[in-house]
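Novice: What follows is a structure written as structure tokens; I'll ask about it next.
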Amino acid sequence: MLVPMKAAARRLTLEIVGWTLLLAGIAALVLPGPGLLMVFAGMAVLSQQYDWAERRVEPLRLRAMRAAAYGVAKPSRIVASGFGVVWMWAWGLVWCLDPAVPSWWSLPDSFWLPGGLATGISLVASGFLALALLVWSYRRFHGRPEELRELERDIERADAA
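Written as structure tokens, this is what we have:
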């Protein structure tokens with residue numbers, strides 16, 4: 003009796019975690035946060051329970067790797083990504099400091115920097131995550147065009163399957 007309950011609890015936990023990550027990732031695509039990473043993580047968790055998710059995890063992983071390779075293929079992209087990290091940190095700091103509503107703000111005060119400290123912390127944390135991913139991508143792909151070609155071939159194979 004204990005084994006079926008343990009399996010059911012595991013299944014329920016995986017589904018809750020997977021769907022939560024997937025939905026939060028979709029929201030984070032337009033809100034501060036690592037949206038694509040959360041979508042991928044949610045799909046990876048759901049792939050343990052659903053065949054449809056399992057079929058999509060590898061193509062998602064390959065496309066994420068290709069995006070990482072493209073992001074460090076040219077110095078201008080690396081610099082732009084670095085500016086993006088600094089931009090996230092700067093806005094996170096603004097949110098954390100919670101400055102007073104400026105006189106030129108025409109909307110209700112409640113629309114000024116919504117989310118408060120939690121949004122600021124999320125932006126700063128996302129900046130650190132983005133920096134870590136940029137460093138990882140640089141070390142993994144920069145100056146290795148053969149890696150990108152291999153990823154393209156793998157994506158074509160995954161799409162054909």
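Residues 3 to 163, numbered by the numbering used here, are exactly what the sequence shown covers, in order. Here a beta-carbon is modelled for each residue, glycine too, at the ideal position from N, C-alpha and C. Computed from a prediction, not measured in an experiment: that's the story for all the values here.
(1) Starting from Ser78 and walking both ways along the alpha helix (DSSP H), at which residues does that stretch end?
(2) Please report whether the beta-carbon of Leu119 lies at a distance below 9 Å from any beta-carbon of chain D.
(3) How would you write the range of the alpha helix (DSSP H) that Phe143 sits in, first residue to last?
(4) Given 8 Å as the limit, is there contact between the stretch 124-134 and the stretch 102-109, that is, 3 or more CB pairs closer than that?
(5) Answer with buried or exposed for Gly27, where buried requires no fewer than 16 other C-beta atoms within 10 angstroms of its C-beta.
(6) I'd like to know whether the C-beta atoms of Met90 and Leu125 end up nearer to each other than 9 Å.
(7) Please list the terminal residues of the continuous alpha helix (DSSP H) segment that includes Asp53.
(8) Along the alpha helix (DSSP H) that carries Pro110, what are the first and last residues, could you check?
(9) How about the stretch 43-55 and the stretch 95-105: do they share at least three Cβ pairs that are nearer than 8 Å?
(10) Indicate the three-state DSSP secondary structure (helix, strand or coil) for Trp106 in the structure shown.
(11) My guess is that Ile123 and Arg68 are in contact by the Cβ rule of under 8 Å, so how many angstroms apart are they, rounded?
(12) With C-beta atoms as the reference, is Gly73 less than 9 Å away from Arg65?
(13) What residue does the alpha helix (DSSP H) around Arg146 start on, and which one ends it?
(14) Where does the unbroken alpha helix (DSSP H) through Leu48 begin, and where does it stop?
Specialist: Quick answer:
(1) Its alpha helix (DSSP H) spans residues 77-99.
(2) Absence of chain D from the displayed structure is noted, only one protein chain being present.
(3) Per DSSP, the unbroken alpha helix (DSSP H) holding Phe143 starts and ends at 118-143.
(4) Fewer than three Cβ pairs drawn from the stretch 124-134 and the stretch 102-109 lie within less than 8 Å of each other, which leaves the two stretches out of contact.
(5) A residue is called buried when at least 16 other Cβ atoms come within 10 angstroms of its Cβ; Gly27 meets this threshold and is buried.
(6) Taking 9 Å as the Cβ cut-off, Met90 and Leu125 qualify as a contacting pair.
(7) If you look at Asp53, you'll find it in the alpha helix (DSSP H) that goes 53-73.
(8) Taken as a continuous stretch (DSSP letters only), Pro110 belongs to no alpha helix (DSSP H), as it is neither H nor E.
(9) With the cut-off at 8 Å, the stretch 43-55 and the stretch 95-105 do not touch.
(10) Trp106 falls in the coil class under three-state DSSP.
(11) About 31 Å separates the Cβ atoms of Ile123 and Arg68, ruling out a contact at the 8 Å cut-off.
(12) No. Outside cutoff.
(13) Counting along the chain, no alpha helix (DSSP H) covers Arg146, and no H or E run does either.
(14) Residues 37-48.
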